[in-house]
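By numbering that gives the first Met the number 0, the letter at position 128 of the sequence shown is numbered 127, and the numbering carries on one by one without gaps.
C-beta atoms are modelled at their ideal positions from N, C-alpha and C, and glycine is treated no differently.
Being a predicted model, the structure only gives us computed values, none of them experimental.
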Amino acid sequence: MAKYDSNSLRNVAIVGHGSTGKTSLCESLLYVSGKTDRLGRVDDGTSSMDFEPEEQKRRISISAALSFIEWEKHKINLIDTPGDANFAMDTRSGLRVVDAALVVIDAVGGVEFQTEKVWESADEFGLNRMIFINKMDRERADFAGAIESVKSTLGRKATPIYLPLGAEDSFRGLIDLINMKALVFDDPKGKFKSENVPAEMMEQVRKARESMVEDIAECDDALMDKYLESGELTIEELYKGLRKGVLSGGLVPATCGSAAKNIGMIPLMDMIIRCLPSPVERGAVTGKVPGTDKEVKRMPDEKEPFSGFVFKTI
Numbered sequence: 000m001a002k003y004d005s006n007s008l009r010n011v012a013i014v015g016h017g018s019t020g021k022t023s024l025c026e027s028l029l030y031v032s033g034k035t036d037r038l039g040r041v042d043d044g045t046s047s048m049d050f051e052p053e054e055q056k057r058r059i060s061i062s063a064a065l066s067f068i069e070w071e072k073h074k075i076n077l078i079d080t081p082g083d084a085n086f087a088m089d090t091r092s093g094l095r096v097v098d099a100a101l102v103v104i105d106a107v108g109g110v111e112f113q114t115e116k117v118w119e120s121a122d123e124f125g126l127n128r129m130i131f132i133n134k135m136d137r138e139r140a141d142f143a144g145a146i147e148s149v150k151s152t153l154g155r156k157a158t159p160i161y162l163p164l165g166a167e168d169s170f171r172g173l174i175d176l177i178n179m180k181a182l183v184f185d186d187p188k189g190k191f192k193s194e195n196v197p198a199e200m201m202e203q204v205r206k207a208r209e210s211m212v213e214d215i216a217e218c219d220d221a222l223m224d225k226y227l228e229s230g231e232l233t234i235e236e237l238y239k240g241l242r243k244g245v246l247s248g249g250l251v252p253a254t255c256g257s258a259a260k261n262i263g264m265i266p267l268m269d270m271i272i273r274c275l276p277s278p279v280e281r282g283a284v285t286g287k288v289p290g291t292d293k294e295v296k297r298m299p300d301e302k303e304p305f306s307g308f309v310f311k312t313i
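Take a look at the structure:
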């Protein structure tokens with residue numbers, strides 16, 4: 000494995016209500032990134048994340064599991080957390096030690112009770128976050144409804160960076176709103192072809208892009224001034240503003256896909272790197288000297304003495 004400096008790390012907790020597909024999402028990320036050579040599945044007990052016998056028997060996560068992927072010269076450390084309220088302390092412990100949260104929401108059910116709880120914990124720990132609407136291939140999948148449930152239930156506006164291309168049985172990819180391209184996934188290993196946006200979707204896509212650009216511009220005075228003057232921002236400016244908006248806490252970006260079919264994983268990994276903070280950007284952490292009540296602050300810097308969080312014992 001390559002050596003990564005702190006700026007090239009992303010420490011992310013995968014959180015959400017039970018049965019939203021968090022573990023399946025982790026398995027898909029591991030497979031599509033090349034970390035594993037087979038796709039583990041929760042339903043048949045082959046998931047590498049749910050390795051405890053009780054988890055395999057019950058087909059749910061009962062404790063936090065750790066893994067990592069390497070993507071575009073970055074290392075993304077993943078903590079797959081339980082969605083069942085009975086194991087909420089493991090989820091809370093995982094959120095305490097990461098730099099950001101990826102909130103997984105069911106495209107059919109929208110925001111559910113435990114999603115509200117983990118969102119509150121992410122607020123408490125001051126975590127930046129992004130949203131993945133999973134199971135877009137399921138019957139009654141409703142991307143717009145799931146996005147609206149974020150605002151109505153969690154009180155935060157989610158900004159789609161990608162739209163679904165099709166839904167239910169016809170779900171086949173994403174619409175990239177920044178680059179205005181259709182990403183058609185026709186490979187079981189999660190690869191896609193970039194095509195023009197379908198003509199019948201163009202009006203919907205233009206409206207969604209305009210809303211996205213406005214949300215991004217609102218997080219940066221200079222971008223807002225340019226947008227008001229010219230009515231447009233460059234792709235480079237959009238990416239820069241997107242990152243600034245997320246890191247400031249003013250923006251919650253959203254994408255979608257199907258973990259079961261490996262659709263949307265590459266754009267998701269790209270978004271994690273582009274949008275979520277490194278440990279350096281997260282800043283200093285306060286802890287106590289072992290055996291004393293003395294507090295000390297440590298920066299995530301290779302030159303600092305070793306320090307770490309103990310959050311899981313085996």
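- Residue ranges of uninterrupted alpha helix (DSSP H) with 4 or more members, entirely inside the region 78-119 and ordered along the chain, are 87-96.
- Counting only runs that start and end inside the region 217-261, the alpha helix (DSSP H) elements of at least 4 residues fall at 220-229 and 234-246.
- Between Val11 and Leu153, the CB-CB gap reaches or exceeds 8 angstroms.
- If you draw a straight line from the Cα of Ile271 to the Cα of Lys287, it is about 31 angstroms long.
- In the DSSP assignment, Lys287 forms a beta bridge with Glu294.
- Here the alpha carbons of Gly20 and Ile262 stand approximately 13 angstroms from one another.
- Scanning Asp4, Phe308 and Leu24 for the CA closest to the CA of Ile130 turns up Leu24.
- Nearest C-alpha to Arg9 among Phe310, Val279, Val309 and Lys302: Val279.
- Taking Pro163 as the centre and dropping the five residues before and after it, the same chain places the C-beta of Met135, Phe142, Phe170, Leu173 and Cys255 closer than 7 angstroms to its C-beta, in chain order.
- Just measuring C-alpha positions, the residue of Phe191, Leu227 and Glu217 sitting nearest Pro266 is Phe191.
- Scanning its chain for C-beta atoms nearer than 7 angstroms, with the 5 sequence neighbours on each side dropped, one finds around Gly144 the residues Gly109, in chain order.
- For Tyr161 and Met268, the gap between their C-alpha atoms comes out near 13 angstroms.
- Excluding the 5 residues flanking it on each side, Thr22 has same chain C-beta neighbours closer than 7 angstroms at Val41, Ser46, Met48, Asp49, Ser60 and Asp79, in chain order.
- Put simply, the backbone Cα of Gly165 is about 20 angstroms away from that of Met211.
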